[in-house]
Amino acid sequence: MKSVTVSLGGRAYDVEIAPGLIDRAGAKLAPFLPRGRTVVVTDQTVADHHGERLAAALESGGVAVDMIVVPPGEETKSFAGLEDLCDRLLALGLDRGDVITAFGGGVVGDLAGFAASIYKRGIDFIQIPTTLLAQVDSSVGGKTAIDTPRGKNLIGAFHQPRLVLADLDVLVTLPQREVRAGYAEIIKYGLLGDLAFFEWLETHGRQVLALERAALAVAVARSVEMKAEIVAEDEKETGRRALLNLGHTFAHALEAETGYGAALLHGEAVAAGCALAYRFSAALGLCSTTDAARAEAAIAAAGLPTRLEQVQGAPFHAERLAVHMAQDKKAEAGGVTFVLVRSLGEAFVAKGVDRSRLLSFLLSEGALA
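The sequence shown begins at 1002 in our numbering and counts up one residue at a time.
Next comes the structure, spelled out in structure tokens:
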């Protein structure tokens, strides 16, 4: 088992990475449950695969369990979904001494975590992520949010979990498309700040995608280590943490244009966004075309999109994409903010990127005028 600590003083917590953690959930969660009770929030897909197993493990550890099942899919991460979840929590009589357990992928983690942050002015929650993407990214760092028609994750709060259990065994039930989507966030860490890790992924990426235990453990642990280090330094994303958004300004615009649905998974959008960020950096003369091509090749080798034309719903209008980017959370004073790169593994935050340069780049990438 690998344990990574997110060092936030009195709010520090551990991310445990190992197979079989769900079966030990009762013993793992009990120290964080002062009333010996938790409400598990999950989606129907995860409940069908793993719900009974988690409930049995918790009950065997002396934990009283209620389970709330929400519909799967990004559409659940909405004002309507949040209202429904909070109403069901209230109906269960959850009080401020109880704890919510988010058991699912990024949608469930974001929704349940945000509900925890506002329910009775804030209660504790625990993350048990069940997708590769959630294990390496969204379950760590305390970002919780819902989407609106105007953009992704625009309504939310920073609310750190008390514990994260990343059970590698649950990943075997994932469709290969979901595994690839999670891998996009893994390769992102190498692309933004660890050239050696990126090079390791160039060699071992196939084993990670095949969920081979040894390679998977290395990839998940290194990703969590990088995120934990950055979050400990910059919890509220006023500085270095923004680097974790490499590719996300492009990605969120594409997700908005495709309706946040199954046509484009978040990890797929991030993959295309990272490739676009590297090519945009090259177009601006910030990094070499060789580095941009190498980043694109590594992403494409995982079966992920790297071009606008590969995203369902193409062609996109450059102006519409730019409007979405201007509404991104990182935008300041009307200027678009991007995470760009100087070389492989060396990202930086670029504020106030010229809109005309962005539109010109999008047109060169096949977007419509």
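Ideal Cβ placement from N, Cα and C applies to all residues, glycine included.
{"Asked": "Boundaries (first-last residue) of the alpha helix (DSSP H) holding A1146", "Found": "Counting along the chain, A1146 falls outside any alpha helix (DSSP H), though it belongs to the beta strand (DSSP E) covering 1144-1149."}
{"Asked": "Contact between the region 1319-1329 and the region 1144-1163 (3+ Cβ pairs under 8 Å)", "Found": "yes"}
{"Asked": "As assigned by DSSP and simplified to three states, the class of E1236", "Found": "coil"}
{"Asked": "Where I1231 falls: helix, strand or coil (DSSP)", "Found": "helix"}
{"Asked": "Residues sharing a beta bridge with H1318, DSSP", "Found": "L1369"}
{"Asked": "Continuous alpha helix (DSSP H) stretch holding A1182: start and end", "Found": "1177-1194"}
{"Asked": "Complete alpha helix (DSSP H) runs within the region 1104-1142 (minimum length 4 residues, chain order)", "Found": "1107-1119"}
{"Asked": "Cross-strand partners of F1014 (DSSP beta bridge)", "Found": "Looking at the sequence itself, residue 1014 is Tyr, so the reference to Phe does not match. DSSP, once it has assigned bridges, lists V1007 as partnering Y1014."}
{"Asked": "Member of G1206, C1087, V1219 whose CA lies at the smallest distance from the CA of A1299", "Found": "G1206"}
{"Asked": "Pair within 8 Å by beta-carbon distance, V1342 and L1287", "Found": "yes"}
{"Asked": "Inter-residue spacing [alpha-carbon to alpha-carbon] between A1116 and R1163", "Found": "15 Å"}
{"Asked": "Reduced DSSP category for L1091 - H, G, I as helix; E, B as strand; rest coil", "Found": "helix"}
{"Asked": "DSSP beta-bridge partners of G1157", "Found": "A1146"}
{"Asked": "Own chain partners of V1066 with C-beta closer than 7 Å, once the 5 adjacent residues on each side are dropped", "Found": "T1039, V1041, A1056, L1059, E1060"}
{"Asked": "Between the CA atoms of Y1120 and A1296 - distance to the nearest angstrom", "Found": "42 Å"}
{"Asked": "In DSSP terms, what I1069 is bridged to", "Found": "V1042"}
{"Asked": "Limits of the unbroken beta strand (DSSP E) element including S1289", "Found": "It is not in any beta strand (DSSP E) - S1289 carries neither H nor E in the DSSP assignment."}
{"Asked": "For F1339, the residue or residues it bridges with in DSSP", "Found": "A1351"}
{"Asked": "Per DSSP, cross-strand counterpart(s) of D1099", "Found": "Partner(s): none; D1099 has no beta bridge."}
{"Asked": "Range of the contiguous beta strand (DSSP E) that encloses A1264", "Found": "No beta strand (DSSP E) contains A1264, which DSSP labels as neither H nor E."}
{"Asked": "Alpha-carbon spacing of L1086 relative to V1071, whole angstroms", "Found": "8 Å"}
{"Asked": "L1134 beta carbon less than 8 Å from that of P1074", "Found": "For the record, residue 1074 in the displayed sequence is Gly; it is not Pro. No; because the gap between Cβ atoms is not below 8 Å, this pair is not in contact."}
{"Asked": "Beta-carbon proximity check, M1002 vs I1018, cutoff 8 Å", "Found": "yes"}
{"Asked": "Straight-line gap, R1036 to D1049 (C-alpha atoms, nearest Å)", "Found": "27 Å"}
{"Asked": "Distance between L1210 and P1043 (C-alpha atoms, nearest Å)", "Found": "Per the sequence presented here, residue 1043 reads as Thr, with Pro not at that position. Roughly 25 Å separates the two Cα atoms."}
{"Asked": "Short Cβ contact (8 Å threshold) for L1034 with K1078", "Found": "no"}
{"Asked": "Limits of the alpha helix (DSSP H) - the one that A1057 falls within", "Found": "1053-1061"}
{"Asked": "Cα-Cα separation between L1305 and Q1208, rounded to whole angstroms", "Found": "16 Å"}
{"Asked": "Length of the line joining the Cα atoms of G1367 and A1319", "Found": "9 Å"}
{"Asked": "Backbone CA spacing between L1265 and A1257 [nearest angstrom]", "Found": "10 Å"}
{"Asked": "Closest by C-alpha distance to A1351, when choosing among G1314, G1274, E1269, L1244", "Found": "L1244"}
{"Asked": "Beta carbon of K1189 nearer than 8 Å to that of C1275", "Found": "yes"}
{"Asked": "Cα-Cα separation, A1216 to N1246", "Found": "24 Å"}
{"Asked": "First through last residue of the beta strand (DSSP E) which encompasses L1244", "Found": "Careful: L1244 lies outside any beta strand (DSSP E) and carries neither H nor E."}
{"Asked": "Unbroken alpha helix (DSSP H) run spanning L1030, endpoints", "Found": "1026-1030"}
{"Asked": "Proximity of G1346 and L1093 at Cβ, strictly below 8 Å", "Found": "no"}
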